[in-house]
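S.K.: Everything in the sequence shown is counted per this note's numbering, starting at 49 for the first residue and increasing by one.
Backbone N, C-alpha and C define an ideal beta-carbon position, used for all residues, glycine too.
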Amino acid sequence: MEGKQITETEHKQIIDNYVNSCSGLTIAWSTTETFRIEQSADGKVLDIPLDCIEKVISREDSQGNPFVQLNLLDDKKLLLTDTLVGFKPMPRPGLDMQRIPKVVTTPDLIGVIEAIEDSISSNVAYEDMESLRCLFYSVIEGAEHIGFDLQAEKLWLHQIVRIGGRATA
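1) According to DSSP, is I179 helix, strand or coil?
2) If S106 and I62 are in contact, beta carbons under 8 angstroms, what's the gap, nearest whole angstrom?
3) Determine the DSSP secondary structure at I63, reduced to helix, strand or coil.
4) Quick one: is Y66 buried, meaning 16 or more other Cβ sit within 10 Å of its Cβ, or exposed?
5) Taking D90 as part of the beta strand (DSSP E), name the residues at either end of that continuous run.
6) Just the Cα atoms here: how many angstroms apart are I75 and N171?
7) Can you tell me the Cα-Cα spacing of I168 and V187, whole angstroms?
8) Write down the C-beta distance between G134 and L126 rounded to the nearest angstrom, noting that I regard them as a contact closer than 8 angstroms.
9) Over the uninterrupted beta strand (DSSP E) stretch that includes L73, give me the two end residues.
10) Less than 7 angstroms between C-beta atoms, sequence neighbours within five positions excluded: which residues of the same chain meet that for Q117?
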């Protein structure tokens with residue numbers, strides 16, 4: 049026989065208590081069944097209905113810092129850390145998933161864009177540029193998979209390519 053089933057109310061309490069202790073995340077309950085997490089780092093928001101949560105796990109990273117893992121329906125997972133929401137990047141053809149972090153965040157997109165800009169200005173090989181482009185879309189798709197809206201960020205790559213005068217798609 050399995051242990052007792054955690055209720056939505058208990059999920060809500062764990063999430064609420066954790067996020068209220070965070071320095072870079074805020075939580076707002078739009079209804080008793082849906083909450084919104086906002087990251088201070090980039091203002092990105094994520095709306096999560098409680099009935100989409102399968103499991104809430106309080107954990108610690110290798111340095112002993114607490115975080116909360118949310119297992120959502122459809123095999124979606126996200127991590128709530130002190131400052132950011134972490135998620136898995138999505139696999140893409142041509143992208144070696146062993147060479148990138150298992151968990152990424154939306155601010156990681158800025159680092160990828162900066163690397164792309166540097167690559168354009170230094171005329172790196174097409175293969176390297178293509179790898180960076182794949183990484184960019186892997187992070188975008190991972191973020192959208194868990195519910196972030198990144199329509200504006202999708203335009204970043206198009207603007208850089210236009211300014212740099214070099215097509216990568």
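M.R.: Taking the geometry as given:
1) For the record, residue 179 in the displayed sequence is Ser; it is not Ile. DSSP places S179 in the helix class (H, G or I) of the three-state scheme.
2) Indeed, because the Cβ distance is near 7 angstroms, the residues count as touching under 8 angstroms.
3) Annotated three-state conformation of I63 is helix, per DSSP.
4) Of the other Cβ atoms in all chains shown, 16 or more fall within 10 Å of the Cβ of Y66; this residue is therefore buried.
5) Per DSSP, D90 belongs to no beta strand (DSSP E) and is neither H nor E.
6) When rounded, the distance between both Cα atoms is 43 angstroms.
7) C-alpha of I168 to C-alpha of V187: approximately 20 angstroms in a straight line.
8) Their Cβ separation, rounded to whole angstroms, is 7 angstroms, which keeps G134 and L126 in contact under 8 angstroms.
9) L73: member of the beta strand (DSSP E) spanning 73-77, first to last residue.
10) Excluding positions up to five away in sequence, the list reads I105, R107, K125, L127.
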